[in-house]
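Q: Residue numbers (our numbering): 34 to 209.
Just so it is clear, CB atoms sit at the ideal spot from N, CA and C, and this is done for glycine as well.
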């Protein structure tokens with residue numbers, strides 16, 4: 034999905050020490066540890082590690098993922114548009130500095146623009162969906178369709194079913 038052959042996977046927790054988090058998080062941690070041949074599992078990560086290039090994929094429940102996503106959207110908007118934008122308008126020297134580094138700001142803005150990604154894939158056993166933002170514009174919808182097409186073209190569902198069968202054989206070796 035990410036175009037990464039062997040993505041590093043982390044589990045969102047409230048601490049990286051063994052036993053931190055709720056029962057579901059701890060059970061998931063133990064399960065992921067049993068699958069080194071299938072999943073490049075880094076281990077538990079905390080929120081402050083999300084942007085430190087520690088992992089490529091973060092596993093968490095939907096509520097936590099949605100809160101993190103919306104918090105990040107708001108934070109980036111506040112920092113770049115409201116705070117930084119206002120500071121760069123303060124005096125001519127700052128405006129000149131901004132003009133000199135406008136290319137870098139434009140690149141960052143493009144990289145952080147949610148419309149560029151269109152939506153987030155939610156991968157399932159019997160099908161996949163692409164969750165787009167409720168306020169998606171034309172560009173976001175177009176990119177969501179592009180990503181959905183990539184998922185369909187990659188035959189991802191066949192791989193998910195195959196991997197789940199492998200997981201079942203590892204977790205339940207005596208089951209037929």
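Mapping the DSSP letters down to three states, classify residue 154 as helix, strand or coil.
A: Locating residue 154 in the chain shown gives position 121, where the first residue counts as 1. Three-state DSSP puts residue 154 in a strand.
Q: Within the continuous alpha helix (DSSP H) that includes residue 141, where are the two ends?
A: The residue labelled residue 141 in the question sits at position 108 within the chain shown. It spans 135-145 - the alpha helix (DSSP H) in which residue 141 sits, taken as one unbroken run.
Q: Quick check: residue 156 and residue 197, are their CB atoms within less than 8 Å of each other?
A: Counting from 1 along the chain shown, the entry for residue 156 is found at position 123. Counting from 1 along the chain shown, the entry for residue 197 is found at position 164. No, Cβ-Cβ distance for residue 156 and residue 197 is not below 8 Å.
Q: Residue 100: buried (16+ other C-beta within 10 angstroms of its C-beta) or exposed?
A: Here the question's residue 100 lines up with position 67 in the chain shown. Under the 10 Å beta carbon count, residue 100 is surrounded by fewer than 16 other beta carbons and is classified as exposed.
Q: Taking all protein chains shown into account, decide if residue 177 is buried (16 or more other Cβ within 10 angstroms of its Cβ) or exposed.
A: The sequence position of residue 177 within the chain shown is 144, counting from 1. Residue 177 comes out buried.
Q: Any contact between the segment 198-208 and the segment 59-71? By contact I mean 3 or more CB pairs, one from each, below 8 Å.
A: Contact between the segment 198-208 and the segment 59-71 is present, because at least three Cβ pairs lie under 8 Å.
Q: Taking 8 Å as the limit between beta carbons, can you name the residues of its chain near residue 56, skipping five residues before and five after?
A: Stepping through the chain shown from its first residue, residue 56 is reached at position 23. Cβ neighbours of residue 56 beyond the five flanking positions: none.
Q: How is the beta strand (DSSP E) around residue 164 delimited, first residue to last?
A: Reading the chain shown from its first residue, position 131 is the one you call residue 164. First-last of the beta strand (DSSP E) with residue 164: 161-164.
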